[in-house]
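Here the working numbering runs 65 ahead of the position in the sequence shown, where the first position is 1.
Written below as structure tokens is the structure these notes are about.
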Amino acid sequence: MKMKKLIFILALLSFPTQAQTARGVKIGYIDMEYILEKVPDYAEANNQLEQKAQKWKQEIEVKKTEITKLKDGLKTERVLLTKELIEEREEEIAYLEKELLEYQEKRFGPKGDLIIQKTVLIKPIQDQIFTIVQDVAEQRKYDFIFDKSSDLTMLFAAQKYDISDFVVKKLTASQKREEMSKKQLKALEAKEALEEGLEENPAFTERQRLLDEKKAAREKLIEERKLANEQKKADAAEKRKKLLEERDAKKNGTVIEKEIIADSTNTKEVNNKEVLEGVDKKPTPAEIRQKAIDERNRKLEERKKAIEEKKKKLAEEKEAAKKAKEQKTEIENKN
Numbered sequence: 066m067k068m069k070k071l072i073f074i075l076a077l078l079s080f081p082t083q084a085q086t087a088r089g090v091k092i093g094y095i096d097m098e099y100i101l102e103k104v105p106d107y108a109e110a111n112n113q114l115e116q117k118a119q120k121w122k123q124e125i126e127v128k129k130t131e132i133t134k135l136k137d138g139l140k141t142e143r144v145l146l147t148k149e150l151i152e153e154r155e156e157e158i159a160y161l162e163k164e165l166l167e168y169q170e171k172r173f174g175p176k177g178d179l180i181i182q183k184t185v186l187i188k189p190i191q192d193q194i195f196t197i198v199q200d201v202a203e204q205r206k207y208d209f210i211f212d213k214s215s216d217l218t219m220l221f222a223a224q225k226y227d228i229s230d231f232v233v234k235k236l237t238a239s240q241k242r243e244e245m246s247k248k249q250l251k252a253l254e255a256k257e258a259l260e261e262g263l264e265e266n267p268a269f270t271e272r273q274r275l276l277d278e279k280k281a282a283r284e285k286l287i288e289e290r291k292l293a294n295e296q297k298k299a300d301a302a303e304k305r306k307k308l309l310e311e312r313d314a315k316k317n318g319t320v321i322e323k324e325i326i327a328d329s330t331n332t333k334e335v336n337n338k339e340v341l342e343g344v345d346k347k348p349t350p351a352e353i354r355q356k357a358i359d360e361r362n363r364k365l366e367e368r369k370k371a372i373e374e375k376k377k378k379l380a381e382e383k384e385a386a387k388k389a390k391e392q393k394t395e396i397e398n399k400n
């Protein structure tokens with residue numbers, strides 16, 4: 066069958082008409098499976114159908130398991146059964162096997178539920194696709210349009226002759242048309258006509274592609290320059306901030322050291338006093354830093370001593386309480 070189709074097509078290509086000879090034979094092809102995958106309604110319905118098929122397969126497996134169990138049971142018990150019981154068991158197994166074959170044929174046979182439902186599902190979409198293909202062939206002057214996924218074997222086909230994406234675009238647009246107003250339909254038709262005209266003009270299409278590439282490169286360069294300018298501004302602002310801080314530090318003779326600021330009121334008072342005293346003497350930043358460090362160390366030593374004294378006092382109180390308890394126990398024992 067495939068060979069006959071191939072010979073027929075070769076014959077058609079071998080005997081072009083006079084008009085075709087003048088302009089050359091124009092051939093295109095589609096991939097029906099690819100187009101159907103791109104149709105959302107078909108994909109969803111096909112998924113539901115696959116779920117049904119999986120359920121039917123599970124039912125078949127259950128029936129097969131049941132038949133296998135009956136066969137194994139008969140094989141094990143055959144020596145213990147009478148001839149009548151053996152025949153009865155064999156008849157039951159034969160009936161179940163026949164029933165299983167009929168069920169398989171009903172679900173997955175050439176005229177089974179799966180094939181019928183797939184046909185019902187795919188036919189409306191195929192009709193739309195065939196109509197679109199005919200329109201495209203007339204508009205673009207195609208002599209032949211083949212289906213890559215059909216029985217016809219295509220050993221090679223250049224991508225430029227594949228119009229599947231164009232058919233998908235038309236199919237999607239036709240579905241959207243049902244929800245559009247007259248004004249929207251008119252605008253869409255004008256846009257499609259323009260796009261079709263551009264696609265028919267390879268030179269214009271190539272020129273448009275080059276323009277788009279230049280535009281994208283220019284936009285990228287502008288964006289890079291913008292980012293570079295923003296980075297320069299940020300660096301300049303940071304540098305200016307540091308210069309102002311250094312100038313203020315030299316002018317006031319103080320440097321903010323967050324790490325050495327004490328968290329107590331007394332420490333703040335001492336620092337304020339040292340700053341006031343240092344106005345006349347004009348201490349260096351290093352001296353101020355050292356004083357703050359010394360003050361912090363002094364406070365730490367005082368806290369450490371206070372903790373040690375508190376521990377010592379608690380230990381003494383604990384020891385006194387222990388002795389008092391022992392004395393009380395001795396007195397009670399004597400009494």
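Ideal placement from N, C-alpha and C gives every residue a C-beta, glycine not left out.
All figures in this text were calculated on a predicted structure; none of them were measured in a lab.
Item, Value
"Outcome for ASN93 when other beta-carbon atoms lying within 10 angstroms are tallied against a minimum of 16", "Sequence inspection shows Gly at residue 93; the Asn mentioned does not correspond to that position. With 16 or more other Cβ atoms within 10 Å, it is buried."
"Cβ distance (whole Å) where ILE45 is taken to contact ALA202 below 8 Å", "Residue 45 lies beyond the stretch modelled for the chain, which goes from 66 to 400, so this question has no answer here."
"Proximity winner among ILE158, GLU126, ILE125 and LEU275, relative to ASP137 (alpha-carbon distances)", "ILE158"
"Closest residue to ILE190 among ASP106, ALA223 and GLN169 (Cα-Cα distance)", "ASP106"
"Continuous beta strand (DSSP E) assignments of at least 3 residues falling wholly in the segment 176–248", "209–212"
"Bridge-paired residues (DSSP) for ILE92", "PHE209"
"Pairwise C-alpha distance: ARG274 and GLU126", "57 Å"
"Opening and closing residue of the alpha helix (DSSP H) in which LEU365 lies", "350–399"
"Rounded distance between the beta-carbons of GLU131 and LEU161, thought under 8 Å", "7 Å"
"VAL104, DSSP secondary structure in three states", "coil"
"N- and C-terminal bounds of the alpha helix (DSSP H) containing LEU166", "148–173"
"Buried or exposed (CB count within 10 angstroms, at least 16 for buried), LYS370", "exposed"
"Pairwise C-alpha distance: GLN119 and LYS280", "52 Å"
"Cβ pair count under 8 Å reaching 3, the segment 97–106 against the segment 227–241", "yes"
"Spatial distance of ALA327 from ASP359 (CA atoms)", "For ALA327, the pLDDT reaches just 47, beneath the cut-off of 50, and the residue's location in the model is therefore unreliable, although a value from the coordinates is still provided. Spanning the two alpha carbons is a distance of roughly 12 Å."
"VAL233 versus LEU179 - alpha carbon distance", "26 Å"
"Exposure of MET97, with buried meaning 16 or more beta-carbon neighbours within 10 Å", "buried"
"Distance, GLU109 Cα to ILE72 Cα", "A caution first: ILE72 carries a pLDDT of 45, below 50, which makes its placement in the model too unreliable to give a value."
"Under 8 Å between C-beta atoms of ASP208 and VAL90", "yes"
"Beta-carbon spacing of ALA301, PRO350 below 8 Å", "no"
"GLU288 versus ASN294: straight-line alpha-carbon distance, rounded", "10 Å"
"Distance, GLU391 Cα to LEU379 Cα", "18 Å"
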